[in-house]
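Colleague:
Protein chains: 2
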Amino acid sequence: MSELQVLTTGEAARYCGVNFRTVIRWIERGQLKAYKLPGRGDHRICVEDFVGFLRDNSMPVPNDLAAPSRKVLLLTTDPELTSGGRQALQQIGCDIEVAGDSFSAGIHMANAKPALLVVDTDLVGEGGFQVLDYLRSRSEYSNLSILVVPSDEDAEKARWLDAGADALLTHRSEHGELSAKAKLLLEANA
Amino acid sequence: MSELQVLTTGEAARYCGVNFRTVIRWIERGQLKAYKLPGRGDHRICVEDFVGFLRDNSMPVPNDLAAPSRKVLLLTTDPELTSGGRQALQQIGCDIEVAGDSFSAGIHMANAKPALLVVDTDLVGEGGFQVLDYLRSRSEYSNLSILVVPSDEDAEKARWLDAGADALLTHRSEHGELSAKAKLLLEANA
DNA sequence: GATATAGTTGACAGGTATGACAGGTTTCCT
DNA sequence: AGGAAACCTGTCATACCTGTCAACTATATC
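Read top to bottom, the protein sequences are chains A and B. Numbers 1 to 190, taken from full-length UniProt numbering, label the letters of the first sequence in order. Numbers 1 to 190, taken from full-length UniProt numbering, label the letters of the second sequence in order.
(1) Which residues, in order along the stretch 92-124 of chain A, keep a beta-carbon less than 9 Å from a beta-carbon of chain B?
(2) Taking a contact to mean a Cβ-Cβ separation below 8 Å, would you say B:L7 touches B:L75 in this structure?
(3) Starting from A:V61 and walking both ways along the beta strand (DSSP E), at which residues does that stretch end?
(4) For A:F129 and A:S145, I'd like the C-alpha separation in whole angstroms.
(5) Can you give me the C-alpha to C-alpha distance between B:F53 and B:D101, rounded to a whole angstrom?
(6) Return the chain-ordered ranges of every beta strand (DSSP E) run that is complete within the UniProt domain "Response regulatory" (71-186) of chain A and spans a minimum of 3 residues.
(7) In this structure, how does DSSP classify A:C16 when only helix, strand and coil are distinguished?
(8) Does the CB of B:P38 have a neighbour CB from chain A at under 8 Å?
(9) Since B:R44 is in the beta strand (DSSP E), which residue starts that stretch and which ends it?
(10) Going by the beta-carbon positions, is the gap between A:I107 and B:M109 smaller than 8 Å?
(11) Could you tell me which residues DSSP puts in a beta bridge with A:K36?
(12) Whole angstroms is fine: what's the gap from B:H175's alpha carbon to B:L168's?
(13) Could you check whether A:N19 and A:A12 sit closer than 8 Å to each other, using their CB atoms as the reference points?
(14) How would you call A:L132, buried or exposed, if buried means at least 16 neighbouring beta carbons within 10 angstroms?
(15) Scan the stretch 128-141 of chain B for residues whose Cβ lies nearer than 8 Å to a Cβ of chain A and list them as they occur along the chain.
(16) Residues of chain B with CB under 9 Å from A:P79, in chain order?
(17) Chain B partners of A:W26, CB-CB under 9 Å?
(18) Cutting at 7 Å between CB atoms, please list the residues of its own chain near B:L4, excluding the five before and the five after it.
(19) Under 8 Å between beta-carbons, which chain B residues line up against A:V18? List them in chain order, please.
(20) Shortest alpha-carbon distance to A:R25 belongs to which of B:G39, B:I27, B:R29 and B:E28?
(21) DSSP three-state call for B:L54: helix, strand or coil?
(22) Would you grab the beta carbon distance between A:L73 and A:A99 for me? Rounded to a whole angstrom, and I think it's under 8 Å.
(23) If we count the other Cβ atoms within 10 Å of its Cβ and call it buried at 16 or more, is A:A188 buried or exposed?
(24) For A:A165, tell me which candidate among A:S142, A:H171 and A:A180 has the shortest Cα-Cα distance.
(25) A:G85: buried (16+ other C-beta within 10 angstroms of its C-beta) or exposed?
(26) Where A:E177 and A:K183 are concerned, what is the direct C-alpha to C-alpha distance, given to the nearest angstrom?
(27) Going by DSSP, name the residue or residues bridged to A:L7.
(28) In chain order, what residues of the same chain have a beta carbon less than 8 Å from the beta carbon of B:R138, not counting five sequence neighbours either side?
(29) Going by C-alpha distance, which of B:P62, B:K113, B:F103 and B:A115 is nearest B:L123?
(30) Shortest alpha-carbon distance to B:L135 belongs to which of B:A115, B:E153, B:V149 and B:Y15?
(31) Please report the straight-line C-alpha distance between B:G41 and A:A158, rounded to a whole angstrom.
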């Protein structure tokens, strides 16, 4: 199911550094689209409309509201993935960022809010579970898709799915598979 | 959610002892970044941009804007550090966040922008160098202090200093040393 | 050193959006 | 179910916007 992303007047107000009363006035004036709840007349603003409003008025759009992106974060140091994989992903219209270790991956994740994370477990090893655990326990990453590229020696690849991965790559070097699965995941969550 | 810290033209004007009209002129000339509200065209200036503007023009930065944060990020799973160390740091007025792995540490770092990072190399091992490398190569973290808590078995503790640490803890479990060094680092960068 | 000139700033006024407050109600969370 | 948090409405004082003009500052010129 697709859940509607909405804001209250208070939230919208905090996002743009104004009093909630002002947000209500924008709505009354018809500058900002919103609907009312039957009870007290609470306003609800669809994130989409709010972002549109911000753009129209050249106001800053907060990172955490920005439109569902085609950003992909690659967590790997494998040259195979960073070059060929990158190209394959760019061909399907993705913006790629690459992180070479877990720490910088975390920083990129928080800053860029990608729609897809590709984790190379050759690099992170068992630490990959911590990454998955963390992301899956946070609601703000509920829309994130995770694609795991397991190490060749990994005997029990399926455990990554149990840990929260959305998909696994079966062949490390088949970039067609990478881009196909990435595409699926991105479209499923769009 | 991200709450936007903003100033009005009047506030900005008072902060630097000028007329609000002048602040508006700075904005019109593009010297100071700001955005407009749809209604009357009120300007809102992000504190971050304002402080940058002051610095660029070597104007004095008011204390309550430079807000030397007392946020500390603890990267460890050592119970000794997370309980006793935490307390010791809280006693000197720090806000503590704890991350149990590099990935979540990266996320916290990007979100909370702490003033001090305490890295337990018992946890991150050689990966600590990647953390230091990353942080020291980014200008946005130039104000961050880094305190390394080396593993007991670490034979060459000094190499952490070479890698960019600001200080080392000599005894893992002496919380007095931890809070003393933390205090020094926080004050040096205030 | 005095004067001219260009550019920046402050002051003022009229108009209006915004913020603060209070009283009341619903919604949300436990 | 019960309490706390958050929202709504209406009103009023405040603070912001724009435009204009005078005063000031800095620089150049004589």
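Built from N, CA and C at the ideal position, the CB exists for glycine as well.
Modeller: If we stick to the structure as given:
(1) The residues in question are A99, G100, D101, S102, F103, S104, A105, G106, I107, H108, M109, A110, N111 and V124.
(2) Taking the first residue of the second sequence as 1, we reach residue 7 of chain B at position 7. Taking the first residue of the second sequence as 1, we reach residue 75 of chain B at position 75. Result no, Cβ atoms of B:L7 and B:L75 do not sit closer than 8 Å.
(3) The residue given as residue 61 of chain A occupies position 61 in the first sequence. Taken as a continuous stretch (DSSP letters only), A:V61 belongs to no beta strand (DSSP E), as it is neither H nor E.
(4) As a first step, residue 129 of chain A is located in the first sequence; it is residue number 129 there, counting from the start. As a first step, residue 145 of chain A is located in the first sequence; it is residue number 145 there, counting from the start. Those two C-alpha atoms are separated by around 15 Å.
(5) Translated into the one-based positions of the second sequence, residue 53 of chain B becomes position 53. Translated into the one-based positions of the second sequence, residue 101 of chain B becomes position 101. Going from the Cα of B:F53 to the Cα of B:D101 covers about 36 Å.
(6) Runs of the beta strand (DSSP E) lying entirely within the UniProt domain "Response regulatory" (71-186) of chain A and spanning at least 3 residues, in chain order: 71-75, 95-99, 116-120 and 145-149.
(7) In the first sequence, counting from the first residue as 1, residue 16 of chain A sits at position 16. Residue state for A:C16 is assigned as helix, using DSSP reduced to three classes.
(8) Within the second sequence, the letter at position 38 stands for residue 38 of chain B. So yes, B:P38 belongs to the interface.
(9) The residue given as residue 44 of chain B occupies position 44 in the second sequence. H43 to C46 is the span of the beta strand (DSSP E), which, as asked, contains B:R44.
(10) Start at 1 with the first residue of the first sequence, and residue 107 of chain A comes out as number 107. Start at 1 with the first residue of the second sequence, and residue 109 of chain B comes out as number 109. Contact flag set, yes.
(11) Against the first sequence, residue 36 of chain A aligns to sequence position 36. Looking at the DSSP assignment, A:K36 forms a beta bridge with A:H43.
(12) Position 175 of the second sequence, counting from 1, holds the residue named residue 175 of chain B. Position 168 of the second sequence, counting from 1, holds the residue named residue 168 of chain B. B:H175 and B:L168: Cα-Cα distance of roughly 13 Å.
(13) If you number the first sequence from 1, residue 12 of chain A lands on position 12. If you number the first sequence from 1, residue 19 of chain A lands on position 19. No; because the gap between Cβ atoms is not below 8 Å, this pair is not in contact.
(14) Position 132 of the first sequence, counted from the first residue, corresponds to residue 132 of chain A. It counts as buried.
(15) Q130, V131 and Y134
(16) Against the first sequence, residue 79 of chain A aligns to sequence position 79. Ordered by position in chain B, no residue passes the 9 Å Cβ test against A:P79, which lies about 17 Å from the chain.
(17) The residue given as residue 26 of chain A occupies position 26 in the first sequence. The contacting residues are L37, P38 and G39.
(18) Counted from its first residue, the second sequence places residue 4 of chain B at position 4. So the qualifying residues of the chain are C46.
(19) For this step, residue 18 of chain A is matched to residue 18 along the first sequence. Chain B residues near A:V18: L37 and R44.
(20) The residue given as residue 25 of chain A occupies position 25 in the first sequence. With distances taken between Cα atoms, A:R25 lies closest to B:G39.
(21) Here residue 54 of chain B is taken as the residue at index 54 of the second sequence, counted from 1. Three-state result, B:L54: helix.
(22) On the first sequence, residue 73 of chain A is found 73 positions in, with the first residue counted as 1. On the first sequence, residue 99 of chain A is found 99 positions in, with the first residue counted as 1. Right, the Cβ-Cβ distance comes to about 6 Å (below 8 Å), so this counts as a contact.
(23) By 1-based counting over the first sequence, the position of residue 188 of chain A is 188. Burial state of A:A188 is exposed, judged by a 10 Å Cβ sphere holding fewer than 16 other Cβ atoms.
(24) In the first sequence, counting from the first residue as 1, residue 165 of chain A sits at position 165. That would be A:S142, whose Cα lies nearest to the Cα of A:A165.
(25) As a first step, residue 85 of chain A is located in the first sequence; it is residue number 85 there, counting from the start. It is buried - the Cβ of A:G85 has at least 16 other Cβ atoms within 10 Å.
(26) Start at 1 with the first residue of the first sequence, and residue 177 of chain A comes out as number 177. Start at 1 with the first residue of the first sequence, and residue 183 of chain A comes out as number 183. Straight-line Cα distance between these residues: approximately 10 Å.
(27) Residue numbering aside, residue 7 of chain A sits at position 7 when the first sequence is read from its first letter. A:L7 is bridged to A:I45.
(28) For the purposes of this step, residue 138 of chain B is taken as residue 138 along the second sequence, with counting starting at 1. Cβ within range, chain order: n/a, list empty.
(29) Sequence index remark: in the second sequence, residue 123 of chain B carries index 123 (1-based). Residue B:F103 is the option with its Cα nearest to B:L123.
(30) Position 135 of the second sequence holds residue 135 of chain B. That would be B:A115, whose Cα lies nearest to the Cα of B:L135.
(31) Translated into positions along the second sequence, residue 41 of chain B becomes position 41. Translated into positions along the first sequence, residue 158 of chain A becomes position 158. B:G41 and A:A158: Cα-Cα distance of roughly 57 Å.
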